[in-house]
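Student: Below are the structure tokens for one structure; questions will follow.
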Amino acid sequence: MFARRLNILLIISQQRQQLLTRSTASLSRTNQSSLTLQWKCSNWKNLELTTSSKRTIQTSSTLSAKDYYKILGVDKSASAKEIKKAYYELAKKYHPDTNKNDPNSSKKFQEVSEAYQVLSDDGKRKQYDDFQKYGGAGDFNSTAGSGGPGSGFSGWQGFSSGFSSEDIFRQVFEEMRNFAGGGASGAGGGFADEYGFSTPLQMDMSLGFTEAAKGAQKEVHIDVMDTCPKCHGSKSQGDEKPVKCPYCQGTGMETVSNGPFIMRTTCRKCHGTRVLIKNPCRECHGEGITKQRKKIQINVPPGVDDGQSIRMKVGNKELYITFRVSRSNQFRRDGADIHSDVEVNVFQAILGGSIPIQGLYENLTLKIPPGTTSHTRIRLPEKGITRVNSYGKGDHYVHVKINLPTNINKKQKALWLVLAEMDDSLLRGIINGIVQTRSGRVVEGDAEFEEYVNIIKQALEEIDEAKDKNSDRNS
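FYI, in the UniProt record's numbering the residues of the sequence shown are 1 to 475.
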């Protein structure tokens with residue numbers, strides 16, 4: 001059994017593949033600051049593999065099942081830029097300071113930091129990829145970094161570093177802040193724009209009520225940072241190619257001593273790009289991007305409300321547009337529903353009828369039922385605003401207001417009083433011009449007024465008599 005294990009160990013050590021199988025292992029720190037891996041085998045001398053290193057902190061020893069690419073949400077072919085951007089977004093999301101009420105945020109923050117520390121280092125990433133490719137067993141010492149014959153496979157032991165998750169986050173955050181403007185060297189210019197960490201553009205857009213309700217196309221001019229039209233983003237003048245950074249040997253990382261610890265940090269010369277620009281583009285000064293005035297078409301979706309925003313890509317930037325919707329003199333909005341008022345006269349209210357009204361999309365004809373009272377609300381289905389993030393439209397509610405006549409002549413007043421005299425629905429109070437007698441209500445007024453009243457009553461009586469005669473003939 002032991003011979004088989006020893007044979008496997010020697011083969012894997014030669015090929016830089018999987019070295020160790022399931023066994024009991026222990027780590028000990030030697031006086032010379034070296035890590036010694038000892039295999040305990042009965043009746044045999046201990047077999048030792050040593051790697052020279054400075055004192056480090058081991059934070060995990062059983063992480064072989066973790067998928068660092070999945071943790072950061074990137075493909076296995078992701079570039080260093082994509083890995084850094086993914087880490088930064090997740091680190092901001094799960095940072096304990098912004099998630100004080102979430103007990104799991106600290107664990108997630110450490111997890112994404114651990115994944116970034118491995119995948120941002122070319123050497124560790126290669127060893128991790130090999131480790132995953134060839135089975136994922138054993139313990140890989142990630143503290144060895146990316147260089148030296150002593151950094152070979154001694155097994156995967158997960159995330160080890162001389163600094164904390166906060167150190168990693170602070171380092172990346174400082175890079176974003178320090179190099180947001182960039183210099184003319186072309187190495188770190190436009191860091192924030194290039195990596196997508198910069199503050200997005202924001203603007204307010206004024207819309208009329210109907211523009212917001214029905215949707216519109218608006219044209220605006222805006223200054224954005226976009227790919228340099230001269231070098232097309234290469235940052236170099238002419239056809240000159242970038243050269244491998246001689247300070248980090250093209251790895252994008254450098255080793256820095258911090259007291260008793262060793263830290264792998266982004267190269268201070270190339271800022272992690274792995275290359276240097278010898279002859280920067282004169283148009284963009286080696287940034288790869290320039291400020292450009294752009295005319296953009298903004299499609300305002302139907303149904304947007306005041307204060308709502310949309311996001312769109314403009315050049316290398318994200319643009320957030322917040323809509324400011326003006327009020328309408330005709331309509332009032334309540335979600336996807338709209339409300340409006342209409343005035344009808346007393347005859348339309350009593351007898352019923354119809355009246356033209358202004359709709360949101362077209363002119364409409366509103367039917368007035370007989371006996372409509374003031375403040376009646378009539379619903380017009382599917383005549384409201386398009387529902388955002390849903391289906392269909394809201395309704396249009398029309399509030400009826402009865403417009404009563406205020407200036408009437410004696411003839412009109414006589415007609416109203418005759419109707420009032422004939423109406424028996426008055427339960428309490430009095431009506432001006434009507435006197436309550438034992439025989440009933442009687443219209444009271446001057447001689448001319450009473451003459452109008454008598455003529456109206458006589459006409460009504462003649463109508464009743466003619467109706468009775470017609471009934472007798474038909475019978």
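Glycine is no exception: its CB is placed at the ideal position from the N, C-alpha and C atoms.
Are residue 477 and Lys291 closer than 9 Å when you measure CB to CB?
Tutor: In the structure displayed, the chain extends from 1 to 475; residue 477 sits before or after that span and is not available.
Student: By how many angstroms is the C-alpha of Pro369 removed from the C-alpha of Ala349?
Tutor: 7 Å
Student: If you draw a straight line from the alpha carbon of Gly352 to that of Ala420, how long is it in whole angstroms?
Tutor: Rounded to whole angstroms, Gly352 to Ala420 spans 20 Å at the Cα level.
Student: Rounded to whole angstroms, how far is the Cβ of Asp75 from the Cβ of Tyr69, which I believe are closer than 8 Å?
Tutor: 7 Å
Student: Apart from the five residues on each side of it in sequence, which residues of its chain come closer than 8 Å, Cβ to Cβ, to Cys248?
Tutor: Glu254, Cys267, Lys269, Cys270 and Arg274
Student: Assuming Ile350 is part of the alpha helix (DSSP H), what are its boundary residues?
Tutor: Val346 to Leu351
Student: In angstroms with no decimal places, state the Cα-to-Cα distance between Ala78 and Lys393.
Tutor: Each residue's alpha carbon lies about 44 Å from the other.
Student: Can you tell me where the beta strand (DSSP E) with Leu366 in it begins and where it stops?
Tutor: Asn363 to Ile368
Student: Hey, which unbroken runs of the alpha helix (DSSP H) at 4 residues or more fall wholly within the region 204 to 251?
Tutor: Correct list: 209 to 214.
Student: Rounded to the nearest angstrom, how far is the Cβ of Tyr94 from that of Phe109, given a contact under 8 Å?
Tutor: Contact holds; Cβ gap of about 4 Å.
Student: Under 9 Å between the Cβ atoms of Thr386 and Gly303?
Tutor: Against a cut-off of 9 Å, the Cβ pair of Gly303 and Thr386 comes out as a contact.
Student: I need the DSSP call for Gly440, collapsed to helix, strand or coil.
Tutor: strand
Student: DSSP state of Ile277, grouped into three classes?
Tutor: coil
Student: Can you tell which of Lys241, Lys413 and Gln308 has its C-alpha closest to the C-alpha of Asn432?
Tutor: Lys413
Student: Can you give me the C-alpha to C-alpha distance between Leu90 and Ser106, rounded to a whole angstrom?
Tutor: Leu90 and Ser106: Cα-Cα distance of roughly 12 Å.
Student: Does DSSP put Gly186 in a helix, a strand or coil?
Tutor: Any answer about Gly186 is weak, because its pLDDT of 36 lies below 50 and its placement is not dependable; what the coordinates show is given next. In the structure shown, Gly186 sits in coil (DSSP, three-state: anything other than H, G, I, E or B).
Student: Buried or exposed, going by whether 16 or more other CB atoms sit within 10 Å of the CB of Glu114?
Tutor: buried
Student: Suppose only complete runs of 3+ residues qualify. What are the beta strand (DSSP E) ranges in the region 65 to 125, listed by chain order?
Tutor: none
Student: Looking at the unbroken alpha helix (DSSP H) that takes in Ile455, where does it start and where does it end?
Tutor: Ala447 to Asn474
Student: Please list the terminal residues of the continuous alpha helix (DSSP H) segment that includes Glu287.
Tutor: Careful: Glu287 lies outside any alpha helix (DSSP H) and carries neither H nor E.
Student: Strictly by DSSP, which residues pair up with Tyr320?
Tutor: Under DSSP, Tyr320 forms a beta bridge with Gln202 and Arg311.
Student: Which residue marks the beginning of the beta strand (DSSP E) containing Glu421, and which one marks its end?
Tutor: Note, Glu421: premise wrong, no beta strand (DSSP E); alpha helix (DSSP H) at Lys410 to Met422.
Student: My output table needs one value for Tyr128: the three-state DSSP class, helix, strand or coil.
Tutor: Correct three-state label for Tyr128: helix.
Student: In this structure, does DSSP put Lys383 in helix, strand or coil?
Tutor: coil
Student: Using the Cα positions of Cys41 and Tyr128, report the straight-line distance between them to the nearest angstrom.
Tutor: At Cys41 the pLDDT is 38, less than 50, meaning the model places this residue with poor confidence and gives no usable figure here.
Student: Going by beta carbon distance, what residues of the same chain come within less than 8 Å of Ile83, once the five residues before and after it are set aside?
Tutor: Leu72, Val74, Tyr116, Leu119 and Ser120
Student: Based on the DSSP output, what are the partners of Thr265 in its beta bridges?
Tutor: Glu254
Student: Tell me which residue opens and which closes the beta strand (DSSP E) that Lys393 is part of.
Tutor: That residue, Lys393, is in no beta strand (DSSP E); it is neither H nor E in DSSP.
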